[in-house]
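A short write-up of the structure that comes next.
Residue numbers (my numbering): 24 to 400.
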């Protein structure tokens, strides 16, 4: 393989931009290849003709707030004082970090479980805070005694967790969440739960971690992945009321408000279509089918796939003899026009991995797999 120069910015953006410029199959960026619900698009068309084109309330569309409270109040005793609509889950996470930066006294560090979603690594770097990657055990379990010790020794004050994960679609059990919450309580650590893939599981419905909501927990979610509308950028944040007032104040000067027409379309859709349950069940089925297809195909090429139970991605260890995921990804695109993400983007310790997005039409996944077979053979 020839040597490639690593880009300065995001590898996800770099690989996706190559597809946009030169064509190919984009298994790099977490963009769903599924159409949004037809009814949602019809409601969008209707809403566009109504007088809802000015700023929405800063905290969010009143009806959307009520719908979210109705969905989550059976799990936790939320009120409007806990809730904020944001410009996607990414704004919610960065908004929280900006707030924590004002609240916490340095020195402190930030921990996430590796391989870690890029935002969890990059936000601390922007604010010049230490980032602590915490590795799962070889079989995918968590050594909570070691975790507790690391948090104490490294002065961890923020933990990011997504379940199902990105890039590694691991789902945390109720017992694991409880143990993490106990560490958070004992050491006064803020826990940010990023649940954008919560509804996208492959088997039985997992435990919903928001059920254990407390004064140190911040819960982030969005509509982007479950309704295949990543371009709409509508997320939401549940935070303890004692923190939310100041968080909203920061939001006023950063995100301000979320597009009003899009919020209104969502209100009409989830009000009249049972929160899109049929659509989400359909997407879950397609994801599970695509995951099985890709897993079997890659394992046939001697990739190693850990236990993955949800999300958009296949997290795969390269076959023996391949040690540089970046070189593999670049050569794979040059030869076969298939874009994937090198594991190093998510962890310095996973250069021999790649991440593939399987939230695409089955025919596209099959063609991508055919080209991957051609590359490795």
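C-beta: ideal position from N, C-alpha, C; glycine also.
Computed from a predicted structure; not experimentally measured.
Checking the DSSP bridge columns, you'll see residue 108 partnered with 259.
In its chain, beyond the 5 residues on either side, 116 have a beta carbon closer than 6 Å to the beta carbon of residue 142. If you look at residue 340, you'll find it isn't in any alpha helix (DSSP H); it sits in the beta strand (DSSP E) that goes 336-340. With respect to the 8 Å criterion, residue 118 and residue 274 are classified as neighbours on the basis of their beta carbons.
The Cβ-Cβ distance between residue 243 and residue 207 does not fall below 8 Å. Nearest to residue 373 by alpha-carbon distance, out of 231, 354, 339, is 339. Per DSSP, reduced to three states, the secondary structure at residue 352 is helical. Across the set 95, 109, 182, the C-alpha of 182 shows the shortest separation from the C-alpha of residue 133. Exclusion of the five residues before and after residue 322 leaves 328 as the residues of its chain whose Cβ lies within less than 7 Å of its Cβ.
The segment 374-391 makes contact with the segment 310-321: 3 or more CB pairs, one atom from each, lie closer than 8 Å.
By the neighbour-count definition (other C-beta atoms within 10 Å, threshold 16), residue 366 is a buried residue. According to the DSSP assignment, residue 129 belongs to no beta strand (DSSP E), since it is labelled neither H nor E. Less than 8 Å separates the beta-carbon of residue 396 from that of residue 324.
The C-alpha of residue 205 is placed about 38 Å away from the C-alpha of residue 296. Less than 8 Å divides the Cβ of residue 333 from the Cβ of residue 187.
Residue 293 holds the alpha-carbon nearest to the alpha-carbon of residue 65 among 196, 293, 211.
Between the alpha carbons of residue 216 and residue 135 lies a distance of about 11 Å.
When rounded, the separation of the alpha-carbon atoms in residue 371 and residue 345 is 16 Å. For the alpha helix (DSSP H) assignment, the uninterrupted runs of no fewer than 4 residues enclosed by the segment 196-229 are, from N- to C-terminal side, 197-210.
In this chain, residue 235 is not harboured by any beta strand (DSSP E), its DSSP state being neither H nor E.
In the three-state DSSP reduction, residue 378 falls in the strand class (E or B).
When C-beta atoms of the segment 344-363 are compared with those of the segment 275-293, fewer than three pairs fall below 8 Å, so the two segments do not count as touching. Note on the segment 271-336: whole alpha helix (DSSP H) runs with a minimum of 4 residues are 283-295, 300-322, in chain order.
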